[in-house]
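J.: Please read through the structure below; I'll follow up with questions.
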RNA sequence: GGGGCCAUCGUCUAGGGGUUAGGACACCGCCCUUUCACGGCGGCAGCACGGGUUCAAAUCCCGUUGGCCCUACCA
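Residue numbers (our numbering): 945 to 1438.
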């Protein structure tokens, strides 16, 4: 099971998002796998920001990623320091690509040029576009024809830089193929002839994505590149670059994509795609981690897939212990909000009030902060059946202010003349401890020939304006005697 | 067009020659109940299609269909 880990190499994974303005949950899932794998093997998890697209990369957007990762509990061992572009943690920084331009990419490009492994190409984008269009019109496959490969152009004229890709007979090829032994997808073969000499640096001198990735991953000593499988087709290009640079290539693991409910790539029209939105919907970060991890991954316990509810609800520690790239699915998975909701509910039920409180607080009014710990504990425990923090906060709304309006049908149904005497008597109760309340209720309903339900529902309507609230004794305790008497009094003394 | 990947209930999946094709979510029903919930029990529902190979195919092979990725001086 651990054959994927070569014993000689320190485990280093990395998550490398580009700052587009949000943190996509597909990205979070990839990051989660990287994180789990690193944790499992006592390795290092790096966050690297791919901000070479100047039009989209802003400090604000980078911050959104950093904060999203932090909220999700995916803390990085090496990477940027939140909110301070000039700082980073780790020996191989900086961890923002734009800051590596002169120090890392430029020298690497020059070296390749000097060694004759890359070359200057004077074909302009316009010329290439024209040739591509012509080829397409003729129904042919367009590939760059390598016309500048042996021209030995100097730098006296504008030129892009291309990598000399293998032609087919290089000894490191396997029967003319670039072979990728992917830890998830298995052995993948790409005919060398299907790849052309790709551009590693643009005419303006800026390096391209596939180039930066390889330079960074080697420089940061990444041992396992775990990323979305939309990068599978990029990998043979990168493998060729590793050979040109004479670096040992890392292990690759390409995780399947997350699709929307209809099987199309998960996008805005499916609803929430940004991690921030899930935060706002009232999900616990632990639930998001679990739901995302269980998409495409089936943990095996002693070789057997998990198959009970108990096993389904893994803790972080269990996930880390059980994590194995070999148990990840090859095919894409559709994101199911129902399952996230269920996991969220279960995890809320199982959490202590202290674990919930920091995540819950943002959904509550200022008044929450002035409550005692005992009261907070009580409030959380009495609403812990909720599906989300938003729903839980909704359950507590009656606490913060008297009802703005009353459900008239409920008033007519429950606040009847026969229960009003009981309501009056209830106002006399002094002791709001659970057992005392129960005893008080029992004597009142007995005396008035009512059922508990009759009194409880009448109280709910009087106190909350509607016949729904937390368990009735909790409702009373949370409100406190003074407030209960005030709200009930309006109905019985008026 | 070329290169590559993928295909078991509605969804996530287990199973990889002989299984009544197993589990979870969702859904439906019943029970419990101080409301709403929670919880308990039960039910519905699936191997994309067509050919092979084999005594036997969800499982192996080929093809078809469908979905996705790459094919940029985007990342």
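Quick reminder that beta carbons are idealized off the backbone N, C-alpha and C, glycines included. Since the structure is predicted, the reported quantities are computational estimates derived from the model, not experimental observations.
Name the DSSP bridge partner or partners of residue 1025?
T.: Within the first chain, the letter at position 81 stands for residue 1025. Looking at the DSSP assignment, residue 1025 forms a beta bridge with 1028.
J.: Looking only at its chain, what residues have a beta carbon closer than 7 Å to the beta carbon of residue 1288, apart from the 5 residues adjacent to it on each side?
T.: Taking the first residue of the first chain as 1, we reach residue 1288 at position 344. Taken in chain order, the residues that qualify are 1227, 1228, 1231, 1331 and 1332.
J.: With 16 as the cutoff for other CB atoms within 10 Å, does residue 985 come out buried or exposed?
T.: Locating residue 985 in the first chain gives position 41, where the first residue counts as 1. Under this definition residue 985 is a buried residue.
J.: Excluding sequence positions up to five away, which residues of its chain have a Cβ less than 7 Å from the Cβ of residue 1141?
T.: Numbered from its first residue, the first chain carries residue 1141 at position 197. These residues qualify, in order along the chain: 1088, 1090, 1093, 1106, 1107, 1108 and 1109.
J.: Along the chain, where does the beta strand (DSSP E) containing residue 990 start, and where does it finish?
T.: Numbered from 1 along the first chain, position 46 holds the residue referred to as residue 990. Residues 988-991.
J.: Would residue 1249 pass as a contact of residue 1242 if the rule is Cβ separation under 8 Å?
T.: Working through the first chain from its first residue, we reach residue 1249 at position 305. Working through the first chain from its first residue, we reach residue 1242 at position 298. Yes, these two residues count as a Cβ contact at 8 Å.
J.: In the DSSP assignment, find the beta strand (DSSP E) that holds residue 1063 and state where it starts and stops.
T.: The residue given as residue 1063 occupies position 119 in the first chain. From DSSP, the beta strand (DSSP E) with residue 1063 extends over 1062-1065.
J.: Alpha carbon to alpha carbon, what distance is there between residue 1225 and residue 1041?
T.: The residue labelled residue 1041 in the question sits at position 97 within the first chain. The residue labelled residue 1225 in the question sits at position 281 within the first chain. Rounded to whole angstroms, residue 1041 to residue 1225 spans 33 Å at the Cα level.
J.: Return the chain-ordered list of same chain residues with a C-beta closer than 6 Å to the C-beta of residue 1052, the five sequence neighbours on each side being excluded.
T.: For the purposes of this step, residue 1052 is identified with residue 108 of the first chain, where counting begins at 1. Closer than 6 Å at the Cβ level, and outside the excluded window around residue 1052, lie 1159.
J.: Going by the beta-carbon positions, is the gap between residue 1343 and residue 1272 smaller than 8 Å?
T.: Indexing the first chain from 1 puts residue 1343 at position 399. Indexing the first chain from 1 puts residue 1272 at position 328. No; because the gap between Cβ atoms is not below 8 Å, this pair is not in contact.
J.: Under a Cβ-count criterion, where at least 16 other Cβ atoms within 10 Å of its own Cβ denotes burial, should residue 1122 be classed as buried or exposed?
T.: As a first step, residue 1122 must be located in the first chain, where it is residue number 178. Counting Cβ neighbours within 10 Å, residue 1122 comes out buried, since at least 16 surround it.
J.: Report the option in 1238, 1286 and 1280 whose CA atom is closest to the CA atom of residue 1263.
T.: As a first step, residue 1263 must be located in the first chain, where it is residue number 319. The candidate whose alpha carbon is nearest that of residue 1263 is 1238.
J.: Could you check what DSSP says for residue 1327 in three-state terms: helix, strand or coil?
T.: As a first step, residue 1327 is located in the first chain; it is residue number 383 there, counting from the start. DSSP places residue 1327 in coil when its eight states are reduced to three.
J.: From the DSSP output, in three-state form, read off residue 1368 for me.
T.: As a working note, residue 1368 is residue 424 in the first chain. DSSP places residue 1368 in helix when its eight states are reduced to three.
J.: Out of 1137, 1171 and 1178, which has the shortest C-alpha to C-alpha gap to residue 1153?
T.: Here residue 1153 corresponds to residue number 209 of the first chain, with the count starting at 1. Considering only alpha carbons, the answer is 1178.
J.: How big is the Cα-Cα spacing for residue 1432 and residue 1283?
T.: Looking up residue 1432 in the first chain gives position 488. Looking up residue 1283 in the first chain gives position 339. Rounded to whole angstroms, residue 1432 to residue 1283 spans 41 Å at the Cα level.
J.: Do residue 1071 and the ligand HEM come close, with the Cβ less than 7 Å from some heavy atom?
T.: Although the ligand HEM was asked about, the structure shown includes no ligands whatsoever.
J.: Rounded to whole angstroms, how far is the Cβ of residue 1201 from the Cβ of residue 1161, which I believe are closer than 8 Å?
T.: Taking the first chain and counting its residues from 1, one reaches residue 1201 at position 257. Taking the first chain and counting its residues from 1, one reaches residue 1161 at position 217. Incorrect: roughly 21 Å between the Cβ atoms, too far for contact.
J.: Could you round the C-beta distance between residue 988 and residue 1021 to whole angstroms and report it? I think they count as a contact, below 8 Å.
T.: Counting from 1 along the first chain, the entry for residue 988 is found at position 44. Counting from 1 along the first chain, the entry for residue 1021 is found at position 77. Right, the Cβ-Cβ distance comes to about 5 Å (below 8 Å), so this counts as a contact.
J.: Within 10 angstroms of its Cβ, does residue 1131 collect 16 or more other Cβ (buried), or is it exposed?
T.: Position 187 of the first chain holds residue 1131. It counts as exposed.
J.: With which residues is residue 1196 paired in a DSSP beta bridge?
T.: Taking the first chain and counting its residues from 1, one reaches residue 1196 at position 252. In the DSSP output, where bridge partners are listed per residue, residue 1196 has 1169.
J.: How about the region 1354-1374 and the region 1305-1314: do they share at least three Cβ pairs that are nearer than 8 Å?
T.: The region 1354-1374 is not in contact with the region 1305-1314.
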